[in-house]
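In the numbering used here, the protein residues as written are 39 to 182. Heads up, the beta-carbon is just placed ideally off N, CA and C, and yes, glycines get one too. Written out below as structure tokens is the structure these notes cover.
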Amino acid sequence: MIREILPNELGGLLRLYTHLHGNTIPEDTEALRTLWQRITEDPSHHIIVAVEEGCIVSSCVCVIIPNLTHDRRPYALIENVVTHPDYRHRGLAGGCLSYARTLARRQGCYKMMLLTGSKDESTHRFYQNAGYNANDKTGYIQWL
39 MIREILPNEL GGLLRLYTHL HGNTIPEDTE ALRTLWQRIT EDPSHHIIVA
89 VEEGCIVSSC VCVIIPNLTH DRRPYALIEN VVTHPDYRHR GLAGGCLSYA
139 RTLARRQGCY KMMLLTGSKD ESTHRFYQNA GYNANDKTGY IQWL
């Protein structure tokens, strides 16, 4: 099942995130709970999850960003695309991205963007098969 995350599913998401860039599960603090509440209450911030057997096994984040150009149409930014290794190659991440595309279209977005740090050709093919291209723009990052 692919859907938006529920407020009580932070633990499952954080467990999945351990498979994303070697993240660790943060300590359960008031600051973490406040951040989680802020994220879940933000109507522009969407965490999309694939759930199997009651566990979150794939996810992506889709943030809708207001914009003054392109007839004031917003755009969407995709981040934190991850699938648990035991559930890869089953179309779950693609399903999450498709769900994000539907959200973005409903919001009137004129484009969706994502970056990947992966040099793996299969990852690039995955994003290309999901409708993204690496030809129209050049991405840059400044780490802070």
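Between residue i and the ligand ADP, is there a pair consisting of the residue's CB and a ligand heavy atom that are separated by less than 7 Å?
i: Asn105; result: No copy of the ligand ADP appears in this structure; indeed no ligand is present at all.
Taking only three categories from DSSP, how would you classify residue i?
i: Arg111; result: coil
i: Ser160; result: helix
i: Leu73; result: helix
i: Arg126; result: coil
i: Glu65; result: coil
i: Gln180; result: coil
i: Asn2; result: With the chain covering 39 to 182 only, the question about residue 2 has no answer from this structure.
i: Gln145; result: coil
i: Leu106; result: coil
i: Leu135; result: helix
How would you write the range of the beta strand (DSSP E) that residue i sits in, first residue to last?
i: Glu90; result: His83 to Glu90
i: Arg94; result: According to the sequence displayed, residue 94 carries Ile and not Arg. From DSSP, the beta strand (DSSP E) with Ile94 extends over Cys93 to Ile103.
i: Ile43; result: Premise fails: Ile43 is in no beta strand (DSSP E) and is neither H nor E.
Going by the DSSP bridge assignment, what does residue i pair with across the sheet?
i: Met150; result: Ala114
i: Val119; result: According to DSSP, which records beta bridges pairwise, Val119 is partnered with nothing at all.
On the DSSP letters alone, give me the boundaries of the alpha helix (DSSP H) that residue i sits inside.
i: Tyr55; result: Leu48 to Tyr55
Less than 8 Å between the CB atoms is what I'm expecting for residue i and residue j, so what's the real figure, rounded?
i: Ile77; j: Gln145; result: Going by Cβ atoms, the distance from Ile77 to Gln145 rounds to 17 Å, so no, they are not a contact pair.
i: Cys100; j: Ala142; result: 7 Å
* **Inter-stretch contact at 8 Å, needing at least 3 Cβ pairs: the stretch 113-130 / the stretch 87-102** => Result yes; three or more Cβ-Cβ pairs closer than 8 Å.
* Are the stretch 52-61 and the stretch 98-115 touching by the rule of at least three beta carbon pairs closer than 8 Å? -> no
* Three or more C-beta pairs closer than 8 Å, one from the stretch 93-100 and one from the stretch 119-126: is that the case here? -> yes
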